[in-house]
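Novice: Add 551 to a position in the sequence shown, counting from 1, and you land on the number used in this note's numbering.
Even glycine gets a Cβ: it sits at the ideal position worked out from N, Cα and C.
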Amino acid sequence: MVASRRFWARLRRRTGSIRVRTTAAAVLVVGVTLMIAAVALVVLLKRSLTEHVQSSAHIRAQAIARELDVGTSPVVPAVGDEDEEFVQVVDADGKVVMASPNVSGEEAIARLSPGEAESVESVSFETGPFMVVGASSDSPRGPLTVLVGRSLEGVTEAGGAVTAILAVAVPLLLVVVGAVTWRVVGKALAPVDAIRSEVEAISSRELYRRVPDPPGKDEIGRLARTMNRMLSRLEEGRVRERRFVS
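(1) Can you grab the Cα-Cα spacing for the pair residue 569 / residue 751, in whole Å?
(2) How would you label residue 698, buried or exposed, when you count the other beta carbons within 10 angstroms and need 16 or more for buried?
(3) Using beta-carbon positions only, say whether residue 680 and residue 663 come within less than 7 Å of one another.
(4) Start and end of the alpha helix (DSSP H) containing residue 661?
(5) If you compare alpha carbons, which of 692, 717, 754 and 737 is closest to residue 582?
(6) Check whether the Cβ atoms of residue 605 and residue 661 sit closer than 7 Å, and answer yes or no.
(7) What separation, rounded to the nearest whole angstrom, lies between the Cα atoms of residue 656 and residue 647?
(8) Helix, strand or coil for residue 581? Go by DSSP, reduced to three states.
(9) Please report the distance separating the alpha-carbon of residue 695 from that of residue 688.
(10) Please name the residue, chosen from 756, 757, 754 and 775, that lies closest to residue 764 on a Cα-to-Cα basis.
(11) Pick from 649, 643 and 576: whose alpha carbon is nearest that of residue 615?
(12) Would residue 659 and residue 641 qualify as a contact pair, given that the criterion is a beta-carbon distance under 7 Å?
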């Protein structure tokens with residue numbers, strides 16, 4: 552019971568020190584800042600990569616639309632990677648009139664007007680999100696809408712990789728910040744501890760003793776000089792008292 556009380560008393564003294572509070576405040580402020588920056592970084596990275604995928608899909612859709620305009624587009628649009636891209640050509644009634652092999656025989660995956668874009672969660676041949684964009688074509692057979700879908704798997708993987716790196720880097724950086732703050736604050740407060748120890752050791756018979764006077768004109772130096780002037784006044788008062796008694 553006594554040991555438990557002593558433990559909690561020591562714990563309260565340690566957690567109530569300026570060194571502990573300053574270190575905790577520094578870690579908290581830096582931690583919140585890093586978390587906000589990390590979330591913003593991941594969000595901006597995903598947005599930038601998504602916009603890049605959308606832009607490339609839009610360029611691809613416009614190229615196919617131009618081929619349809621002059622009647623040179625093949626019946627089956629070619630794709631670079633059947634796991635990463637698909638193409639559908641839809642007429643004014645919403646019927647698929649052309650499609651790449653990986654979505655052959657399927658209905659329109661998205662209902663988009665020319666210039667619009669939409670993210671779909673998955674397609675028949677691949678799980679994972681796809682960015683689908685639409686482009687218009689005034690072909691000889693009538694108005695058509697070209698749908699091009701590009702996989703967003705790379706965006707998801709990049710976001711996950713960056714998140715994993717930040718999940719390790721942020722705690723390590725907080726440990727470094729805490730260690731540096733603890734050391735710097737401890738070094739800054741070392742003269743205060745020396746002053747406290749000296750004052751505690753001085754008795755009424757040892758008023759000639761003085762506390763350490765650190766160099767510099769900061770608050771700690773002024774505190775030490777103030778303490779020494781106080782000890783000088785006490786010593787002079789003690790001497791005058793002894794003379795009066797004598």
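Specialist: Put simply:
(1) 19 Å
(2) buried
(3) no
(4) Segment: none, residue 661 is in no alpha helix (DSSP H) and carries neither H nor E.
(5) 717
(6) no
(7) 8 Å
(8) helix
(9) 5 Å
(10) 775
(11) 649
(12) yes
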